[in-house]
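This is the structure in structure tokens:
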């Protein structure tokens, strides 16, 4: 076995500094901080203008929300199938598909997916990191968390592919006490724990300098040797966790840039090119507010040679004048109107910026619905430019599923699962059994992962679908229909199902007796049959007493 390459905390720290130097060259921290502030509406930070009103006309909040909603407007469907069809491979894919669905649910992967889409639009990249927590549940479970793009360092910053990286560092900022506690739990000697010291890395977005002084940078480094992933955790001078061989074949990081940039693993944020447009809109609106507040009332001019003392505007106070008080003493000059071109230019800047972002008035619903077809067509056309981001998100999901499979193969071992079993009478049921995931040879099965758009499940959609099946005759059995209706839509549903089953049993018994009579009373030659409830034309119920009245009210 090949020895792992010698690695020290200092070498990892130097690798981290090289990555931070690259981030400084592309102004990543500065861009992320500014974009986050502008998205949240904190658009006047750093401006020293105490006498100026600071209005915010936030173009980005609604635009980014719209762009993200278009990407996740459809649910994500996941399907596993073998390249080479066989009964064994298909059975394995079915078991793995169920496990993947369970993992997606317990890790809230779809919720986290929405978070990273917003992150990608605002900061340029979205990242999900998967890991196995052996202390969760009875046998351990997967965990999934979002990672800021500032805190991910690729060894080769010019390579987009995560799995082709020589090493990857995930930067964690931990409280000093937590870092020392983690080191002690991993058996680090006390003299080395004392070397763990806080460091000031306040250039990360959202980190204040006063808090940053009590945090320590912990570097979670992954690298591959002989096709197997290793990892370690370290500070600048100390290993918190020494190098460990995981047995995994893949880096457990899924990466999605909003828009790829040439020769950089960091993508371009949708907001960045239009920050100056937002600043211009805010400035012009602020100046317009100053003008309106200072020039809203007419300017008063008076003859100083005729007014004794200072002119006052107190109600009812007499004003002394020199000479005839009937002669003109003062007059009020109306203020000049602000040019209408100012607000027109602001309005055009907002409109053109939104259109450049791919957000039109039709997409936002800010037009009069005079022509429904035209509105729908305009909305669909506005969503078309997001196809690259949507496909990029599908690729992230495919990478994530492969990561889940990698963790399942390595960490799951022998587990209880539920599988569908066909009973002798042809009915299906789910039974519990033990399954050894470590015995699976994934490479031999050559599994293909399919990702595509799906429909979000809803109870109303389930009811509508069942109604359509029943009316069209696809389902002609009332019992099947009721069993698939969600709870709460039919009053006394369980009683109806019980009565339908009793009625079916009566029909079966009557049919069997009739056939026995027709066959000469020989039960061995009489076939048995299970008849559905009688239906009228078009698959409609024919009301039958109390039961018919209940069903007709569905």
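Numbering (my numbering), first residue to last: 614 to 1167.
Glycine residues also receive a C-beta, built at the ideal position from the N, C-alpha and C atoms.
Keep in mind the model is a prediction, meaning the values are calculated, not measured.
- Task: Taking residue 634 as part of the alpha helix (DSSP H), name the residues at either end of that continuous run.
- Result: Along the chain shown, read from residue 1 onward, the residue named residue 634 stands at position 21. Segment 622 to 638, the alpha helix (DSSP H) holding residue 634.
- May I ask you to list the residues that DSSP assigns as paired with residue 870? Along the chain shown, one-based indexing puts residue 870 at 257. Paired residues: 738.
- Count the other C-beta atoms from every protein chain shown that fall within 10 angstroms of the C-beta of residue 1025, then say buried if there are 16 or more, exposed otherwise. Locating residue 1025 in the chain shown gives position 412, counting from the first residue. Burial call: buried.
- Message: Nearest by alpha-carbon distance to residue 694: which of 901, 710, 1048 is it?
- Response: Position 81 of the chain shown holds residue 694. Of the candidates 901, 710, 1048, the one whose C-alpha sits nearest the C-alpha of residue 694 is 710.
- Compare the Cα-Cα distances from residue 893 to each of 648, 669, 1128 and report the closest residue. Position 280 of the chain shown, counted from the start, is the residue given in the question as residue 893. When the alpha-carbon of residue 893 is set against those of 648, 669, 1128, the nearest one is in 669.
- Ordered along the chain, which non-local residues of its own chain (more than five positions away) have a Cβ less than 7 Å from that of residue 719? Indexing the chain shown from 1 puts residue 719 at position 106. The residues 754, in chain order, have a CB closer than 7 Å to that of residue 719 in the same chain once the five nearest residues on each side in sequence are set aside.
- Counting pairs of beta carbons, one from the segment 749 to 768 and one from the segment 673 to 688, are three or more of them closer than 8 Å? Judged by Cβ distances under 8 Å, the segment 749 to 768 makes no contact with the segment 673 to 688, as fewer than three pairs qualify.
- How would you call residue 624, buried or exposed, if buried means at least 16 neighbouring beta carbons within 10 angstroms? Numbered from 1 along the chain shown, position 11 holds the residue referred to as residue 624. Result: exposed.
- Can you give me the start and stop residues for the beta strand (DSSP E) that residue 691 sits inside? Counted from its first residue, the chain shown places residue 691 at position 78. Segment 688 to 695, the beta strand (DSSP E) holding residue 691.
- Could you check the C-alpha separation between residue 866 and residue 750 for me, to the nearest Å? Stepping through the chain shown from its first residue, residue 866 is reached at position 253. Stepping through the chain shown from its first residue, residue 750 is reached at position 137. Residue 866 and residue 750: Cα-Cα distance of roughly 23 Å.
- 8 Å Cβ shell around residue 727 - same chain, five flanking residues per side excluded: Stepping through the chain shown from its first residue, residue 727 is reached at position 114. Around residue 727, the same chain offers 681, 685 as residues with beta carbons nearer than 8 Å, after the five sequence neighbours per side are excluded.
- Message: Quick check on DSSP: helix, strand or coil for residue 787?
- Response: Here residue 787 is taken as the residue at index 174 of the chain shown, counted from 1. Here residue 787 sits in strand by DSSP.
- Extent of the continuous beta strand (DSSP E) to which residue 834 belongs: The count along the chain shown starts at 1 and reaches residue 834 at position 221. From DSSP, the beta strand (DSSP E) with residue 834 extends over 828 to 838.
- Determine the DSSP secondary structure at residue 846, reduced to helix, strand or coil. Here residue 846 refers to the residue found at position 233 of the chain shown. In this structure, residue 846 counts as strand in the three-state DSSP scheme.
- Item | Spatial distance of residue 649 from residue 968 (CA atoms) | For the purposes of this step, residue 649 is taken as the residue at position 36 of the chain shown. For the purposes of this step, residue 968 is taken as the residue at position 355 of the chain shown. Distance between the alpha carbons of residue 649 and residue 968: 21 Å.
- Item | Contact belief for residue 768 with residue 781 at Cβ below 8 Å, rounded distance in angstroms | Residue mapping note: residue 768 aligns to position 155 of the chain shown, counting from 1. Residue mapping note: residue 781 aligns to position 168 of the chain shown, counting from 1. Correct: roughly 7 Å between the Cβ atoms.
- Item | Coarse secondary structure for residue 909, derived from DSSP in three states | Reading the chain shown from its first residue, position 296 is the one you call residue 909. The answer is coil: DSSP assigns residue 909 none of H, G, I, E or B.
- Message: So, for residue 731: in the same chain, excluding its five sequence neighbours on each side, which residues have a beta-carbon less than 7 Å away from its beta-carbon?
- Response: Along the chain shown, one-based indexing puts residue 731 at 118. When the five nearest sequence neighbours on each side are left out, the beta carbons in the same chain lying within less than 7 Å of the beta carbon of residue 731 are those of 677, 681, in order along the chain.
- Return the residue from the list 1102, 1063, 1029 that minimises the CA-CA distance to residue 1014. Residue 1014 sits at position 401 when you count from the first residue of the chain shown. It is 1063 whose Cα lies nearest to the Cα of residue 1014.
- Message: Going by C-alpha to C-alpha distance, which of 999, 841, 959 sits closest to residue 970?
- Response: Sequence index remark: in the chain shown, residue 970 carries index 357 (1-based). Comparing Cα positions, the closest option is 999.
- To which residues of the same chain is residue 888 closer than 8 Å at the C-beta, ignoring the five residues directly before and after it? Position 275 of the chain shown holds residue 888. So the qualifying residues of the chain are 647, 648, 651.
- Limits of the unbroken beta strand (DSSP E) element including residue 852: Stepping through the chain shown from its first residue, residue 852 is reached at position 239. Element bounds for residue 852: 852 to 858.
- Any idea what DSSP makes of residue 875, helix, strand or coil? As a first step, residue 875 is located in the chain shown; it is residue number 262 there, counting from the start. Under the three-state reduction of DSSP output, residue 875 falls in the coil class, being neither helix nor strand.
- Task: Quick one: which unbroken beta strand (DSSP E) runs of 3-plus residues sit fully inside the segment 1007 to 1052? Chain order, please.
- Result: Runs of beta strand (DSSP E) with 3 or more residues, each lying fully within the segment 1007 to 1052, are found at 1027 to 1035, 1041 to 1049, listed in chain order.
- Item | Span of the beta strand (DSSP E) around residue 760 | For the purposes of this step, residue 760 is identified with residue 147 of the chain shown, where counting begins at 1. Membership of residue 760 in the beta strand (DSSP E) is indicated by the continuous run 754 to 760.
- Closest residue to residue 567 among 756, 690, 757 (Cα-Cα distance): With the chain covering 614 to 1167 only, the question about residue 567 has no answer from this structure.
- Task: List the whole-angstrom C-beta distance separating residue 956 from residue 899, where the pair is believed to meet the contact cut-off of C-beta under 8 Å.
- Result: Residue 956 sits at position 343 when you count from the first residue of the chain shown. Residue 899 sits at position 286 when you count from the first residue of the chain shown. Contact between residue 956 and residue 899 is ruled out by a C-beta separation of about 13 Å, above the 8 Å threshold.
- Message: Buried or exposed for residue 656, going by 16 or more other Cβ atoms inside 10 Å?
- Response: Along the chain shown, one-based indexing puts residue 656 at 43. Buried is the call here.
- Are the segment 867 to 875 and the segment 626 to 636 in contact at 8 Å, needing three or more beta carbon pairs? As far as the Cβ criterion goes, the segment 867 to 875 does not touch the segment 626 to 636, which means the pair count is below three.
- Item | Residues near residue 858 by beta carbon distance below 7 Å, same chain, minus five either side | Stepping through the chain shown from its first residue, residue 858 is reached at position 245. Setting aside the 5 residues that flank it on each side, residue 858 is surrounded in the same chain by 841, 843, each with a C-beta closer than 7 Å to its C-beta; the list follows chain order.
- How should residue 627 be labelled, buried or exposed, when 16 other C-beta atoms within 10 angstroms of its C-beta is the threshold for buried? If you number the chain shown from 1, residue 627 lands on position 14. It counts as exposed.
- residue 652 in three-state terms, based on DSSP: In the chain shown, counting from the first residue as 1, residue 652 sits at position 39. Reduced to three states, the DSSP call for residue 652 is helix.
- DSSP bridge partner residues for residue 882 (one or two, in chain order): Position 269 of the chain shown, counting from 1, holds the residue named residue 882. For residue 882, which the question treats as bridged, DSSP gives no partner whatsoever.
- Distance, residue 1106 Cα to residue 1100 Cα: For the purposes of this step, residue 1100 is taken as residue 487 along the chain shown, with counting starting at 1. For the purposes of this step, residue 1106 is taken as residue 493 along the chain shown, with counting starting at 1. Straight-line measurement puts the Cα of residue 1106 at about 8 Å from the Cα of residue 1100.
- Message: I'd like to check one pair, residue 716 with residue 1050: are the Cβ atoms closer than 7 Å?
- Response: Along the chain shown, one-based indexing puts residue 1050 at 437. Along the chain shown, one-based indexing puts residue 716 at 103. Going by beta carbons, residue 1050 and residue 716 fall outside the 7 Å limit.
- If you compare alpha carbons, which of 1052, 884, 1031 is closest to residue 1042? Counting from 1 along the chain shown, the entry for residue 1042 is found at position 429. Closest option to residue 1042, judged by alpha-carbon separation, among 1052, 884, 1031: 1031.
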